[in-house]
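In what follows, a structure is listed as C-alpha cells, so that the remarks can point back to it.
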Amino acid sequence: MTYMGDYVDEAATLEALAAALVHAASERGVTVATAESCTAGLVASTIAEVSGASDVLRGGAVTYVDEIKHKVLGVSLDTLAHYTAVSHQTAFEMAEGARSVFGSDLAVSLTGYAGPGGGTDDDPVGTVYIGLAAPQGTVVERFAFAGDRNDVRRQACARALQLLQKACVEIA
708 MTYMGDYVDE
718 AATLEALAAA
728 LVHAASERGV
738 TVATAESCTA
748 GLVASTIAEV
758 SGASDVLRGG
768 AVTYVDEIKH
778 KVLGVSLDTL
788 AHYTAVSHQT
798 AFEMAEGARS
808 VFGSDLAVSL
818 TGYAGPGGGT
828 DDDPVGTVYI
838 GLAAPQGTVV
848 ERFAFAGDRN
858 DVRRQACARA
868 LQLLQKACVE
878 IA
C-alpha cells in the first residue's frame, strides 16, 4: 500500500499498526475512539482484533450518511450543506463529536471517496479527510490515496492508525 509521501510495505500490515497503537496507548493509559464514514468501521475493527484492545478502544461510530453524522456525532447541518460530508470541516466535527460521545482521550475520523463512484473535481476518488481530536486540539489532514475501493479504505485505515499512535506518544 502506498499513500502521499509515506510507504507502508507488506511487513507493516494493518494488524501490526493496530498492535503498535494498542501497545502505546496501554502503556500510557490513553483511550481512543473512531468516527468512520468511507472506512465503515475498519479502523475500530482492526484495533479490536488486537489482544488488550478493550483497555484502549472506547468505541466507534460508523456514520455513513449525513443524517447519522448529525444525529450521532453532532456534525452541523450547516457544515454538511455548505461543505459536504467529504470535507475538512466535516472531518473536524466528526473527530470532536466522537471524542465527546465516547469520552476518549483521542478520536480519529475518516470521510472520503473510496470509489469507484463519487468524487468531485476538487476532491476526486481516493480523497480522504482524516481528523484527529486530542486534548491539545483537533487537526485534519487531506490525503489522496491510489487504487481501488479496498485499497483506498486500507490505506486510510493505516494512516489513521499511525496518526493515533503518534498522538498517543505525544499526549503522555
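First residue of the sequence shown? That's 708 in our numbering, and the numbers climb one at a time after it. Note that CB positions come from ideal geometry on N, CA and C, so glycine has one too. Predicted model only: the values in this text are computed from it and were never measured.
CA-to-CA distance, residue j to residue i, given in whole angstroms
i	j	result
Gly819	Gly736	30 Å
Leu780	Thr834	21 Å
Lys778	Leu868	25 Å
Gly712	Leu787	The pLDDT assigned to Gly712 is 47, lower than 50, so where the model puts this residue is not dependable; a value taken from the coordinates is nonetheless given after this. Going from the Cα of Gly712 to the Cα of Leu787 covers about 29 Å.
Ala731	Leu870	12 Å
Arg856	Ser811	29 Å
Pro842	Glu803	10 Å
Gly854	Asp830	15 Å
Arg849	Thr753	22 Å
Cutoff 6 Å; reference residue i; Cβ partners in own chain excluding five residues on either side
i	result
Thr741	Val750, Ala751, Gly767, Val815
Thr709	Bear in mind that a pLDDT of 33 at Thr709, under 50, signals an unreliable position, so the number given afterwards is only what the model happens to contain. Taken in chain order, the list of residues that qualify is empty.
Integer-rounded CB distance, given that residue j should sit under 8 Å from residue i
i	j	result
Val846	Phe852	Contact flag wrong, Cβ pair sits at about 19 Å.
Arg765	Thr746	Contact doesn't hold; Cβ gap of about 17 Å is too wide.
Leu839	Ala805	Contact doesn't hold; Cβ gap of about 10 Å is too wide.
Ile837	Ala863	7 Å
Leu728	Gln872	4 Å
Residues near residue i by beta carbon distance below 8 Å, same chain, minus five either side
i	result
Tyr790	Gln796, Thr797
Neighbourhood of residue i by C-beta, 7 Å cutoff - its chain only, sequence neighbours within 5 removed
i	result
Glu756	Glu722, Ala725
Tyr771	Ser744, Ala747
Asp762	Ser733
Simplified DSSP assignment, three categories, for residue i
i	result
Ser783	coil
Ala792	coil
Val729	helix
Ala867	helix
Thr753	helix
Gly819	strand
Thr720	coil
Val737	coil
Gly833	coil
Thr827	coil
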